[in-house]
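Trainee: Quick note, the sequence shown lines up with residues 21 to 527 if you use this note's numbering. Glycine included, every Cβ here is placed at the ideal spot set by N, Cα and C. Keep in mind the model is a prediction, meaning the values are calculated, not measured.
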Amino acid sequence: MDRQHQPITNQPTTTANSPHLDVLILAAGLGTRMRSRTAKVLHHLGGRPLIAHVCRVAAALMKESRPVFVIVGHQAEEVRAAVRAELGESGAVFITQTEQRGTGDAVMVARDLLQDADSTLLVLSGDVPLVRAETLVALIQQHRSHRGHGAACTLLSVRLDDPIGYGRVVRDAENRFERIVEQKDATPEERQINEINAGIYCFETGALFSALERVQPANAQGEYYLTDVPGILRADGAAVSVFLHTDAREVSGINTRVELAEFERLLRHRTLRRLMLDSGVTIVDPSHTYVSPEAKIGNDTVIHPGVHIEGGTIIGEGCEIRPGTRISNSRLGSGVQIKDHCVIVDSDIADHCTIGPFAHLRMNARLEEGAAIGNFVEMKKSKLGRKSKAMHLTYLGDATIGDGTNIGAGTITCNYDGKDKHATIIEDEVRIGSDTMLVAPVRVGARSVTGAGSVVKQDVPPDTLVAGVPAQIKRQLNVEQTPSAVVDVPATEQVQLEIEAAPVGTE
Ligand code: UD1
Ligand code: CA
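1. At the level of alpha carbons, what is the spacing between Lys403 and Glu388?
2. Cutting at 6 Å between CB atoms, please list the residues of its own chain near Ile347, excluding the five before and the five after it.
3. Measure the Cβ-Cβ separation of Gly219 and Gln203 and say whether it is below 8 Å.
4. So the candidates are Arg121, Arg290, Asn217; which of them puts its Cα closest to the Cα of Asn239?
5. For Thr374, which residues from the same chain have a beta carbon less than 6 Å from its beta carbon, with the 5 sequence-adjacent residues on both sides left out?
6. What residue from Val92, Gln117, Leu150, Ala137 has the CA that sits closest to His64's CA?
7. By alpha-carbon positions, which one of Asp371, Asp366, Val190 ends up nearest to Gly353?
8. With DSSP as the reference, label Glu224 as helix, strand or coil.
9. Label Arg254 either buried or exposed according to how many other C-beta atoms from any shown protein chain fall within 10 Å of its C-beta, with 16 as the threshold for buried.
10. For the beta strand (DSSP E) containing Thr420, name the first residue and the last one.
11. Quick check on the burial criterion: 16 or more other C-beta atoms within 10 angstroms. Buried or exposed for Pro87?
12. Along the chain, which unbroken stretches of the beta strand (DSSP E) at least 3 residues long are found entirely within the stretch 301 to 355?
13. Is the stretch 154 to 169 touching the stretch 233 to 248, taking contact as three or more C-beta pairs under 8 Å?
14. Give a single yes or no on whether Val148 has its beta carbon closer than 7 Å to a heavy atom of ligand 3.
15. In the DSSP assignment, find the beta strand (DSSP E) that holds Met399 and state where it starts and stops.
16. If you drop the 5 nearest sequence neighbours on each side, which residues of the same chain put their C-beta closer than 6 Å to that of Pro69?
17. Do Ser468 and Val489 come within 8 Å of each other at the CB atom, strictly closer than that value?
18. Where Leu416 and Gln478 are concerned, what is the direct C-alpha to C-alpha distance, given to the nearest angstrom?
19. Measure the C-alpha to C-alpha separation of Ala130 and Phe223 and round it to an integer number of angstroms.
20. Does the distance between the C-beta of Asn275 and the nearest non-hydrogen atom of ligand 2 fall short of 7 Å?
21. From which residue to which residue does the alpha helix (DSSP H) around Ala460 run?
22. Under 6 Å Cβ to Cβ from Val322, same chain only, skipping five residues before and after it: list those, please.
23. What's the gap between the Cα of Glu106 and the Cα of His324?
24. Using the Cα positions of Asn195 and Ala172, report the straight-line distance between them to the nearest angstrom.
25. On the premise that Lys60 lies in contact with Gly49, defined as a C-beta separation below 8 Å, what is that separation, rounded to the nearest angstrom?
26. The alpha helix (DSSP H) that contains Cys75, what's its start and end?
27. Just to confirm, is the Cβ distance from Arg386 to Asp366 under 8 Å?
28. Is Tyr221 near ligand 1 - that is, is its Cβ less than 7 Å away from at least one heavy atom of it?
29. Measuring alpha carbon to alpha carbon, tell me which of Glu109, Glu98, Ser110 ends up nearest Thr116.
30. Is Leu44 near Gly146, with beta carbons less than 8 Å apart?
31. For Asp248, which of helix, strand or coil comes out of DSSP?
32. Roughly how far, in whole angstroms, is the beta-carbon of Asp455 from the beta-carbon of Ala472, given that I think they are within contact range, below 8 Å?
33. Around the C-beta of Ala126, are 16 or more other C-beta atoms found within 10 angstroms, so that it is buried, or is it exposed?
34. For the structure I just gave you, are there three or more beta carbon pairs, one from the stretch 207 to 219 and one from the stretch 174 to 182, closer than 8 Å?
35. Taking only three categories from DSSP, how would you classify His442?
36. Would DSSP call Gln241 helix, strand or coil?
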């Protein structure tokens with residue numbers, strides 16, 4: 021549901037004695053040139069939708085004290101969700117443009133909410149994701165200080181070697197702004213102009229809407245162009261200023277997937293440079309390493325090629341991440357070794373753990389200090405205690421495993437009965453024999469042992485050997501001989517008790 025516009029009394033964030041600042045983001049278009057069923061502003065850059073990048077910059081300007089206005093249309097529900105994910109529930113006011121009749125029409129649908137506000141309106145495009153807050157602050161300052169009185173409109177322009185596709189800034193004989201002409205409406209001479217309209221503007225809100233009323237769709241695309249407004253204001257004799265920016269990349273929009281890929285590369289290299297120069301991370305091959313701009317990585321950690329680090333992942337110092345691994349929204353302590361081709365999602369790994377190769381940790385898998393996970397082990401919603409190990413071909417789901425426990429090869433927690441998921445608890449210093457099936461809900465007491473091939477359906481008391489199908493108690497284990505401290509279980513050790521050899525239990 022669209023939110024109601026609350027009357028807002030906050031002070032402006034930029035210059036004193038100027039009207040307050042509102043931000044309007046245009047995000048209703050489909051983005052035909054993307055050739056996608058997904059609205060352009062929902063396509064991802066650096067792991068986040070384009071619109072999220074623009075929202076973050078807007079929030080930085082507003083210091084989160086005022087909501088941002090967002091025009092939605094195509095996939096409005098998804099766009100709203102993406103905006104809320106960035107700005108929070110109350111951070112944005114959404115206005116729906118039911119039919120996409122051009123950028124002028126998009127602004128027009130916000131008229132009722134905005135026209136009476138004595139504000140400066142900063143208009144941003146949802147498809148210009150890399151614009152920096154500093155640049156916008158400079159734009160707003162120029163707008164407010166233009167010739168000592170401020171301008172009715174200030175538009176952001178930039179010179180491009182290849183201006184094809186953009187609106188061009190037409191200047192008069194005195195080099196003053198005259199109007200913007202769109203690519204499709206431009207004469208061959210106008211197409212030679214390389215100064216383009218970036219689609220980022222400051223308007224005095226009242227002047228904007230009075231000019232917008234006069235915009236007609238009499239152009240090659242039959243659309244209401246917002247870009248007609250500065251020309252109309254200029255013709256009215258109002259002050260229109262142009263903020264000529266020098267960094268073309270920063271303010272150019274994304275219109276095609278080719279541009280999206282170029283931006284991705286740019287953003288990636290920025291992130292990797294920062295990690296190498298500021299954080300002291302070794303990136304073995306920066307052209308084949310993918311790290312989210314949000315990720316934090318500690319000193320002297322080494323990242324090998326083909327590694328993807330996504331979301332807000334935090335990695336400590338002195339870790340090594342071997343080739344082909346993906347780590348998403350996870351936390352790794354220091355001195356962690358991740359061997360080749362692991363997938364680690366939403367998980368938490370303490371210091372000095374070892375994982376992989378070919379391990380899969382997901383949904384809050386937690387490894388405590390010095391724990392080890394080996395090849396072809398999957399862990400879901402499970403905790404592995406200090407110095408515990410599961411080195412080969414194992415599934416641990418909904419399991420809580422204590423300290424110093426060894427999980428033998430091929431162990432499965434049978435956590436699903438076809439209807440519900442159940443928990444497995446394995447206490448400290450347990451040895452689970454190879455190919456044990458733990459039919460949950462089930463608990464294995466401290467220092468107990470399961471024989472190879474056991475199917476454990478009932479709780480095993482502490483200090484007990486069980487074996488067989490279904491597993492039966494074979495004997496009590498000598499408690500005296502069991503070390504009480506956390507034992508460092510050798511990684512390769514498998515408990516391979518022969519069922520026949522196991523002492524007869526208590527049948
Ligand atoms: C626009 C400018 C052009 C400028 C370029 C810079 C116009 C007419 N042209 O062109 O001068 O050089 O940006 O990137 O403004 N949108 C809506 N509703 C609509 C149409 C568009 O919300 O009915 C939104 C889009 O979702 C997008 C933004 O407005 O976020 C810009 O629209 P787009 O179609 O990309 O405009 P361009 O053709 O790039
Ligand atoms: Ca565009």
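Mentor: In this structure, then:
1. 8 Å
2. Ile329, Thr333, Ile364
3. Not a contact, by the Cβ cut-off of 8 Å.
4. Arg121
5. Gln357, Ala392
6. Minimum Cα distance to His64 is reached at Leu150.
7. Asp371
8. strand
9. buried
10. 419 to 421
11. buried
12. Segments of the beta strand (DSSP E) lying fully in the stretch 301 to 355: 328 to 330, 346 to 348.
13. The stretch 233 to 248 and the stretch 154 to 169 do not touch, with fewer than three beta-carbon pairs separated by less than 8 Å.
14. Ligands displayed in this structure: ligand 1 and ligand 2; ligand 3 is not among them.
15. 392 to 400
16. Leu62, Ala102
17. no
18. 18 Å
19. 14 Å
20. yes
21. It is not in any alpha helix (DSSP H) - Ala460 carries neither H nor E in the DSSP assignment.
22. Thr302, Glu340
23. 31 Å
24. 18 Å
25. 7 Å
26. 70 to 82
27. Contact: no.
28. Taken from the Cβ of Tyr221, every heavy atom of ligand 1 lies 7 Å or farther away.
29. Glu98
30. Against a cut-off of 8 Å, the Cβ pair of Gly146 and Leu44 comes out as no contact.
31. helix
32. 6 Å
33. Result: buried.
34. yes
35. Coil, per DSSP.
36. It is coil, neither helix nor strand.
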